[in-house]
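These notes are about the structure you will find just below.
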Amino acid sequence: PTKIILDSDPGIDDAAAITIAINHPDFDLQLITTVAGNVTVDKTTINALKLTRFFNSDVPVAEGAPQPLLKPFEDAVRIHGVSGMPGYDFPTDLADPLPETAVEALRDRIMAAEEPITLVPTGAYTNIALLFKTYPEVLPHIKEIVAMGGALGKGNMTSAAEFNVFTDPHAAEIMYQSGVPITMVGLDVTMKALLTPATMQKLPTIGRTGEMLHALFNHYGDGDQTGIPMHDVNTLFYLLHPEAFTTEKMWIDVQTDGPANGETVGDIRGAYHDGKTNATVCVDIDARAFNEWFLETVEAIG
Ligand code: BDR
Ligand code: CA
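Sequential numbering of the sequence shown, starting at 2, is according to full-length UniProt numbering.
This is the structure we're talking about:
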């Protein structure tokens, strides 16, 4: 199994990603860290703990940054509800988060691992940026970053910017300049791999995990009658099934100001960065394979 750390802001699609990361036999989930994003960080931490409790999992949860590095915080409660995970009654006897902050927990886990570890950020990259600036010694111990966020095409926050990068563009810039191999799993694929109405219909019939996710998805403000985007889950699908994706290597710059604030600018022609690259960008995906894999995976969890 691939050793991963999930850095997330649950959030309904984050909840689906955490569900799969905890339970899929091909992942060895070492740690969940939380960040302010869809809702405030106290709530994203509680939501992560609700999921570890639901699955009786002992994966530790560490709370991270309450604010982006420089930009004022703006949540996404209109998409994910006031709690960030509405629609399902989770147990209330939750474990405590780790006593250390996300940055400390990330450093400890990464440095203690025998092999380089894969980071999977599915919220703003604030914790990742703080980690890289505070403890640069972790950099060679990270195998790769597979990050949900960004878009070569249009954004979902502004015309130019996707939510995770828009939330903390300065953190995204630090991550993309870190030298760690990065795969960008952005809206170019996540808006194609919609969970179809047929998948939604089957979900509550395949076990308690499907029921729980179906209840959350019923309260999800993203998507339309053609389907709902499972943005964050695409990172895990990529890790296990890269053959379902088309990718292109290029340099990604992040806009940190002005009307395109939070835009990920791909140097598609290689003209600006002389053909140098810092990212593998997912540009296409087999949406059917994604739906099949999602249902199979949730059914296997039971
Ligand atoms: C991203 O924004 C968040 O609302 C989702 O959880 C996902 O990580 C999609 O733009
Ligand atoms: Ca997210």
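Built from N, CA and C at the ideal position, the CB exists for glycine as well.
These numbers were taken from a predicted model, which means no experiment stands behind them.
query: Own chain residues within Cβ distance below 6 Å of histidine 220, not counting five before or after; result: Gly82, Pro87 and Gly88
query: Isoleucine 6 versus methionine 231: straight-line alpha-carbon distance, rounded; result: 19 Å
query: Counted within 10 angstroms of its Cβ, other Cβ atoms place lysine 44 as buried (16 or more) or exposed; result: buried
query: For glutamate 212, the first and last residue of its enclosing alpha helix (DSSP H); result: 209-218
query: Reduced DSSP category for isoleucine 229 - H, G, I as helix; E, B as strand; rest coil; result: strand
query: Between the CA atoms of alanine 66 and proline 182 - distance to the nearest angstrom; result: 23 Å
query: Whole-angstrom distance between arginine 270 and alanine 172, CA atom to CA atom; result: 25 Å
query: Nearest to asparagine 292 (by Cα), restricted to the options Val282, Val234, Val255 and Met251; result: Val234
query: Beta-carbon proximity check, valine 139 vs leucine 107, cutoff 9 Å; result: yes
query: Range of the contiguous alpha helix (DSSP H) that encloses glutamate 297; result: 288-302
query: Bounding residues of the alpha helix (DSSP H) (the contiguous stretch that carries isoleucine 21); result: 13-24
query: beta-carbon alanine 173 near ligand 1 non-hydrogen atom, thresh 8 Å; result: no
query: Minimum C-alpha distance to glycine 228 - residue among Tyr239, Leu237, Gln202 and Thr236; result: Gln202
query: Spatially closest choice to alanine 37 from Ile21, Val166 and Leu120, by CA coordinates; result: Val166
query: Distance cut-off 8 Å: asparagine 279 Cβ against heavy atoms of ligand 2; result: no
query: Cβ-based burial, methionine 192 [other Cβ within 10 Å; buried from 16]; result: buried
query: Buried or exposed by the 16-neighbour rule on C-beta atoms within 10 Å, applied to glutamate 115; result: exposed
query: C-beta contact flag for methionine 158 and glycine 263 at 9 Å; result: yes
query: Of the residues Gly156, Phe218 and Leu120, the one placed nearest valine 190, counting alpha carbons only; result: Gly156
query: Alanine 66: CB within 8 Å of a non-hydrogen atom of ligand 1; result: no
query: Cβ-heavy atom distance, glutamate 115 to ligand 1, below 8 Å; result: no
query: Per DSSP, cross-strand counterpart(s) of aspartate 285; result: Thr247
query: Short Cβ contact (9 Å threshold) for threonine 119 with leucine 241; result: no
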